[in-house]
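Residues 448 to 554 in my numbering are what the sequence shown lists, from first letter to last.
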Amino acid sequence: MRIRGDVFWSWADPTLHHRTHDETLDSGTCIDVQVRLSRTGATQMFIGIYAPSGMALHEEAFDSRPGESMTRSLAWGVGRARKVASEPVLQSSRRAGKTTVVAAVGR
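Structural data, given as structure tokens:
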């Protein structure tokens, strides 16, 4: 079970159409990437990275991905999530059992 952080709860709106990508990496770390269309038609994205225990290691939300479709944004977000999950500072945080990076990004 994932322990969602404030970034996710601020971003979440189950009434909007969205697509998701969930993946468990070899390290046991889980990535969750979600894209949606806002009420005004903007493509928005959430990226979450969670330790095997479910603890949030990194969360970020993008208010807008200008000119990008949901499909392209989802692919970009999966690549970004994999990259962030492999960063040494995040790996050391996972081993120490603490959250070090939680961010909300407007773009």
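The C-beta atom is built at its ideal place from N, Cα and C for all residues, glycine as well. Owing to the predicted nature of the structure, the values given are computational and were not obtained by experimental measurement.
Under the three-state DSSP convention, the category residue i falls into
i, result
"residue 490", "strand"
Length of the line joining the Cα atoms of residue i and residue j
i, j, result
"residue 486", "residue 468", "21 Å"
"residue 476", "residue 490", "26 Å"
"residue 529", "residue 492", "15 Å"
"residue 462", "residue 510", "16 Å"
"residue 526", "residue 479", "11 Å"
"residue 488", "residue 515", "11 Å"
Nearest-angstrom Cβ-Cβ length linking residue i and residue j, presumed shorter than 8 Å
i, j, result
"residue 505", "residue 483", "19 Å between Cβ atoms; not a contact."
"residue 501", "residue 448", "5 Å"
"residue 458", "residue 508", "4 Å"
Which complete beta strand (DSSP E) runs does the segment 457-512 hold, if anything under 3 residues is left out? 465-471, 477-484, 490-497 and 503-509
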